[in-house]
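Numbering (full-length UniProt numbering), first residue to last: 1 to 422. Presented below is the structure to which this report refers.
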Amino acid sequence: MDPAFGRLADAQFLKLLQCVRNEDFVQIRKFRRYGVPNLVNLTEPSLGLGSLPRGRASNDVDNYAGIMTTSMLRMGAHPDTQDKIGHMPAMTAAELGHDLVLEILANAKADMSIVDKYGKGILFYTLFPGKRHMTCFNIAVEHGADVCNTSSDGTPVFLAACEQARDCADMCLRLLEKGADPNSWNPKTGQTALMEASREGAVDLVRAILQKGGDVNMADNQRWNAVHFAARGGYLEVLKVLSAYGADMTATNLQGNTALHCAAAGGFSDCCKFLGQRGCNPVLKNIKNRTALGVAKRLGFMEALKELRKIKHLAKEYAAPGAKNPNPPWAVRLYDWTQEHHSSLKSHFEPLKKDDGTITKVEFVNILTKMMVPINYEQMRVILLCHARWRETNINPDVFMTGSKYLERELLASFAPKKKHL
């Protein structure tokens, strides 16, 4: 909108703003009738404030904000008036959690796709915990807010939401549902939405990002990936999901740290065990010449140290000439995949089961192929041999999903904390 120009317009508009704050409807009507043309759509010269009310704590449509907003809109005030930094009334209402006021502005056809001088649309201003901000978020999305909006500094709104995933997980999931890019990233840091969700320990969001096609092995500018962030926070459930989708559990960052270094530094023994069983080397040195085992020992994390010593012993045993690893990496990956897709697999297997709980080999292979199981032909052959002899034509899918026929018992869900019996 145009700024107030000239002494008369300037004086009248400043007086109008004062009347709006004082809820002086009589004077406001006089200004509308006798003031300079289009007075309600002028802006204050210094900050660019418009006539629509901003910044009050009230959210009730029966109180100041709702009544005044409705009244000014009826008098012809434009809902998209922007101040000097590009904020419009809808952004202020969203930031304050004024969902009822935002609904009024939305019904007045406020343009939810407008961005401020920093390139931020209204969704950036809804990213706060709380029911009212979630309601504001939904109103904005339903009225055309851009779920793929990226600020001037290169931060996508989905990435900004994932940075607060612990408090704003529902917003993140809704953004994905509405078409946000699952591989949203910040070009300055290289960090992705998946990394931020993993850092926050938001397992449902991590799963949703990967289901939408998120790249599980993208690394930031320091070569940290999602596994590093999940391990640093001790989020075992996130690590399980990442492994199921093919994450490189042994990747190193620019400091030479693996995820095992990160888990050891936090004393997360369950994560150490999980990562060790999936190929992380406890004696691999970083650029400071420190191993994960040494980190746990130096910081006094005895439970983690105990697990790391077990991993070291097994790694040494399997590296001996002629030794064979009874838990090959592909089989461990298959097990993680089956645990992640357990419900879907079960829904496919159940209708085909015979009275003895088995299905045919052909049906078994077809279902796994359809679900894009992460194994090749030779590995599938090994799985079939583990579960049925050559002359047998049926396989028990429930036994397959336990992993007991192709992995050692020690590995099967052994990373879960043991329950103490009284």
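Backbone N, C-alpha and C fix where the C-beta goes; we use that ideal spot for every residue, glycine too.
| query | Excluding sequence positions up to five away, which residues of its chain have a Cβ less than 6 angstroms from the Cβ of GLN82? | reply | MET88
| query | Would DSSP call THR69 helix, strand or coil? | reply | helix
| Host alpha helix (DSSP H) of LEU299 (start-end) | 292–299
| message | How far does the alpha helix (DSSP H) with GLU408 in it extend, from its first residue to its last? | response | Neither: GLU408 is in no alpha helix (DSSP H) and is coded neither H nor E.
| field | Anticipated Cβ contact below 8 angstroms, THR189 with ASP220, distance rounded | value | 6 angstroms
| request: Give the single residue among MET372, VAL362, THR192 whose Cα lies nearest to the Cα of LEU384. | output: VAL362
| From which residue to which residue does the alpha helix (DSSP H) around residue 495 run? | A question about residue 495 goes unanswered here, because the residues of the chain that appear run from 1 up to 422.
| task | Output the distance between the C-alpha atoms of ASP10 and CYS19, rounded to the nearest integer angstrom. | result | 14 angstroms
| field | Span separating the alpha-carbon of THR43 from that of MET91 | value | 17 angstroms
| query | Should MET195 and PHE229 be called a contact, given that it needs their Cβ atoms to be closer than 7 angstroms? | reply | yes
| Every unbroken beta strand (DSSP E) inside the stretch 231–267 [3 residues or more] | none
| task | Run the CB neighbour count on SER404, radius 10 Å, all protein chains shown included, and call it buried at 16 or more, exposed below. | result | exposed
| the stretch 96–107 contacting the stretch 124–143, beta-carbon criterion three pairs below 8 angstroms | yes
| query | To the nearest angstrom, how far is it from the Cα of LEU315 to the Cα of GLU177? | reply | The question names Leu, yet the displayed sequence has Ala at residue 315. Approximately 43 angstroms, taken between the alpha carbons.
| query | Between VAL36 and ALA77, is the Cβ-Cβ spacing less than 7 angstroms? | reply | no
| request: Specify, as a first and last residue, the run of the alpha helix (DSSP H) that THR369 falls within. | output: 361–370
| request: Determine the extent of the alpha helix (DSSP H) in which SER344 is found, giving its start and end residues. | output: 342–349
| query | So is ASN376 buried or exposed if we call it buried at 16+ other beta carbons inside 10 Å? | reply | exposed
| Under three-state DSSP, which class holds ASN107? | helix
| query | Run through DSSP, which three-state label would GLU177 get? | reply | helix
| query | Which residues does DSSP pair with PRO156 in a beta bridge? | reply | THR150
| Does the Cβ of LEU8 have 16 or more other Cβ atoms within 10 Å, making it buried, or fewer, making it exposed? | exposed
| field | Status (buried if at least 16 other CB within 10 Å, exposed otherwise) for SER344 | value | exposed
| query | Cα separation between VAL241 and LEU17? | reply | 55 angstroms
| field | Closest by C-alpha distance to PRO253, when choosing among CYS262, GLU103, GLN222, ASP270 | value | The identity of residue 253 in the sequence shown is Asn, whereas the question assumes Pro. Per the Cα distances, GLN222.
| request: Would you kindly report the start and end of the unbroken alpha helix (DSSP H) that includes ARG391? | output: Counting along the chain, ARG391 falls outside any alpha helix (DSSP H), and DSSP gives it neither H nor E.
| query | If you draw a straight line from the C-alpha of GLN191 to the C-alpha of ALA180, how long is it? | reply | 16 angstroms
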